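Structure first, then comments.
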Amino acid sequence: MNAEVQGYRNMILYAEFEQYLLEHPELDKQIPDGTSVVFMPEDDPELCQANRALLNQAKREGRKVVIIRVKGLAPARSRLIEPRAELVAA
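Residue numbers (my numbering): 18 to 107.
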(Lines of atoms letter the chains of each structure in order from A and count residues from 1; the text may use other names and numbers.)
(Lines give C-alpha, C1' and ligand atoms only; values in the text may rest on other atoms or scores of the structure.)
Protein backbone atom coordinates (compact mmCIF):
# COMPACT_ATOMS: atom_id res chain seq x y z
CA MET A 1 0.00 0.00 0.00
CA ASN A 2 1.41 3.38 -0.89
CA ALA A 3 1.50 6.27 1.56
CA GLU A 4 -1.20 8.22 -0.28
CA VAL A 5 -3.74 5.39 -0.03
CA GLN A 6 -2.79 4.74 3.58
CA GLY A 7 -3.19 8.42 4.43
CA TYR A 8 -6.58 8.62 2.71
CA ARG A 9 -7.94 5.56 4.52
CA ASN A 10 -6.62 6.81 7.86
CA MET A 11 -8.15 10.27 7.28
CA ILE A 12 -11.56 8.66 6.79
CA LEU A 13 -11.15 6.66 9.99
CA TYR A 14 -9.89 9.70 11.87
CA ALA A 15 -12.86 11.84 10.78
CA GLU A 16 -15.28 9.13 11.88
CA PHE A 17 -13.37 8.70 15.14
CA GLU A 18 -13.58 12.42 15.88
CA GLN A 19 -17.35 12.24 15.41
CA TYR A 20 -17.48 9.18 17.66
CA LEU A 21 -15.54 11.00 20.37
CA LEU A 22 -18.02 13.88 20.29
CA GLU A 23 -20.80 11.36 20.91
CA HIS A 24 -18.79 9.27 23.43
CA PRO A 25 -16.60 11.65 25.46
CA GLU A 26 -15.79 8.88 27.94
CA LEU A 27 -13.49 7.30 25.34
CA ASP A 28 -11.77 10.63 24.72
CA LYS A 29 -10.82 10.73 28.41
CA GLN A 30 -8.90 7.46 27.96
CA ILE A 31 -6.51 9.03 25.44
CA PRO A 32 -3.81 11.17 27.07
CA ASP A 33 -2.82 14.47 25.44
CA GLY A 34 0.12 14.15 23.09
CA THR A 35 -0.60 10.51 22.31
CA SER A 36 -0.39 9.21 18.75
CA VAL A 37 -3.48 7.34 17.58
CA VAL A 38 -3.09 4.33 15.29
CA PHE A 39 -6.12 2.61 13.79
CA MET A 40 -6.35 -1.16 13.40
CA PRO A 41 -9.46 -1.82 11.30
CA GLU A 42 -10.47 -5.49 11.34
CA ASP A 43 -12.12 -5.21 7.93
CA ASP A 44 -8.98 -3.83 6.21
CA PRO A 45 -6.00 -6.14 6.80
CA GLU A 46 -3.88 -4.22 4.29
CA LEU A 47 -4.31 -0.96 6.22
CA CYS A 48 -3.79 -2.82 9.50
CA GLN A 49 -0.44 -4.08 8.27
CA ALA A 50 0.62 -0.65 7.04
CA ASN A 51 -0.47 0.98 10.30
CA ARG A 52 1.43 -1.65 12.29
CA ALA A 53 4.58 -0.25 10.66
CA LEU A 54 3.56 3.25 11.85
CA LEU A 55 2.99 1.86 15.33
CA ASN A 56 6.43 0.23 15.41
CA GLN A 57 8.08 3.44 14.20
CA ALA A 58 6.31 5.49 16.88
CA LYS A 59 7.39 3.01 19.57
CA ARG A 60 11.01 3.15 18.37
CA GLU A 61 10.85 6.94 18.62
CA GLY A 62 9.59 6.66 22.19
CA ARG A 63 6.18 8.19 21.49
CA LYS A 64 3.06 7.28 23.46
CA VAL A 65 0.63 5.42 21.23
CA VAL A 66 -2.99 4.36 21.58
CA ILE A 67 -4.28 1.66 19.27
CA ILE A 68 -7.90 2.09 18.19
CA ARG A 69 -9.32 -1.23 17.08
CA VAL A 70 -12.46 -0.98 14.98
CA LYS A 71 -14.55 -3.66 13.31
CA GLY A 72 -15.16 -1.40 10.33
CA LEU A 73 -17.34 1.44 9.15
CA ALA A 74 -21.09 1.36 8.77
CA PRO A 75 -22.30 2.23 5.27
CA ALA A 76 -22.26 5.97 4.63
CA ARG A 77 -25.67 7.53 4.51
CA SER A 78 -27.07 10.99 4.26
CA ARG A 79 -28.07 12.86 7.39
CA LEU A 80 -30.38 15.25 5.51
CA ILE A 81 -33.94 15.35 6.81
CA GLU A 82 -36.66 15.43 4.15
CA PRO A 83 -34.82 17.39 1.44
CA ARG A 84 -37.04 18.95 -1.26
CA ALA A 85 -36.10 20.36 -4.62
CA GLU A 86 -37.67 23.66 -5.63
CA LEU A 87 -37.28 24.80 -9.21
CA VAL A 88 -36.82 28.54 -9.49
CA ALA A 89 -37.81 30.15 -12.80
CA ALA A 90 -35.26 32.38 -14.49
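Where a beta carbon is used, it is the ideal one built from N, C-alpha and C, also for glycine.
The structure presented is a predicted model; accordingly, all values stated were derived computationally and were not measured.
May I ask you to report which of helix, strand or coil DSSP gives Val22?
For the purposes of this step, residue 22 is taken as residue 5 along the sequence shown, with counting starting at 1. In the displayed model, Val22 falls within a helix according to three-state DSSP.
Select from Pro42, Leu64, Glu35 and Val55 the residue whose C-alpha is nearest the C-alpha of Glu21.
Mapped onto the sequence shown, residue 21 falls at position 4. Closest option to Glu21, judged by alpha-carbon separation, among Pro42, Leu64, Glu35 and Val55: Leu64.
Less than 8 angstroms between the CB atoms is what I'm expecting for Ser53 and Val82, so what's the real figure, rounded?
Numbered from 1 along the sequence shown, position 36 holds the residue referred to as residue 53. Numbered from 1 along the sequence shown, position 65 holds the residue referred to as residue 82. At roughly 5 angstroms, the Cβ-Cβ gap stays under 8 angstroms, so Ser53 and Val82 are in contact.
Can you give the Cα-Cα distance for Tyr31 and Pro49, rounded to whole angstroms?
Working through the sequence shown from its first residue, we reach residue 31 at position 14. Working through the sequence shown from its first residue, we reach residue 49 at position 32. Between Tyr31 and Pro49, the C-alpha separation is close to 16 angstroms.
Determine the extent of the beta strand (DSSP E) in which Arg58 is found, giving its start and end residues.
In the sequence shown, residue 58 corresponds to position 41, counting from 1. It should be noted that the sequence gives Pro, not Arg, for residue 58. Unbroken beta strand (DSSP E) run through Pro58: Ser53 to Pro58.
For the beta strand (DSSP E) that contains Arg86, what are its first and last residues?
Here residue 86 refers to the residue found at position 69 of the sequence shown. Per DSSP, Arg86 belongs to the beta strand (DSSP E) from Val82 to Val87.
Proximity to Phe56 [Cα-Cα], best of Arg94, Ile29 and Ala93
The count along the sequence shown starts at 1 and reaches residue 56 at position 39. Answer by Cα proximity: Ile29.
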